[in-house]
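Residue numbers (the working numbering): 51 to 236.
Glycine residues also receive a C-beta, built at the ideal position from the N, C-alpha and C atoms.
Predicted model only: the values in this text are computed from it and were never measured.
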């Protein structure tokens, strides 16, 4: 079993603080996952009851010693205000591959928050774990996410470049070796 200390993902950037989600973050979680605009490229928005149940499960998972299901609150350091959540969902210990994602409140979009938070999280994952590949899935119709993912360094995955479904998804990934090469040349 791979044991992982979730607090290792906490970090600060120039403007942001990423910290583990805790029981005090229910309002932020509710705001994100019940908002139709925020959820339009992810899934149908949660009902209030579903958001509350999901939040309790997510908080409980934060105490598990694994890299899977790590939810990090993105805060602006100056205001200590929650702007969104980023983190990991699935982790395959055999292939050392982890999925990441990010969800931002409307007022945090188009401010470079995603461009700052996501690479910082990825740097930290590579620094504190044996992960060899970080991947993400995003809606094919979401041009903003496509630009962010390209800027961050994600390349289309051969094993899932286009997933079919209600919301057609693209899959992108970054391997440890190419990430470090890109970080030293940019």
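Residue i - partner residues in DSSP beta bridges
i: residue 98; result: Residue 98 is not bridged to any residue.
i: residue 92; result: Looking at the DSSP assignment, residue 92 forms no beta bridge with any residue, so it has no partner.
i: residue 131; result: 126
i: residue 142; result: 147
Contact set for residue i: own chain, Cβ-Cβ below 8 Å, skip 5 residues either direction
i: residue 176; result: 184, 226, 229, 230
Beta-carbon proximity list for residue i, same chain, < 6 Å, skipping 5 on both sides
i: residue 108; result: 121
i: residue 73; result: 109
i: residue 137; result: 120, 121, 122
Cβ shell of residue i (< 7 Å), same chain only, five flanking positions each side left out
i: residue 204; result: 186, 222, 223, 224
i: residue 219; result: 187, 188, 189, 190, 213
i: residue 61; result: 68, 170, 174
Beta carbon of residue i nearer than 8 Å to that of residue j
i: residue 133; j: residue 158; result: yes
i: residue 164; j: residue 198; result: yes
i: residue 119; j: residue 111; result: yes
i: residue 59; j: residue 168; result: no
i: residue 179; j: residue 54; result: yes
Alpha-carbon spacing of residue i relative to residue j, whole angstroms
i: residue 85; j: residue 207; result: 30 Å
i: residue 147; j: residue 81; result: 30 Å
i: residue 135; j: residue 151; result: 8 Å
i: residue 149; j: residue 65; result: 24 Å
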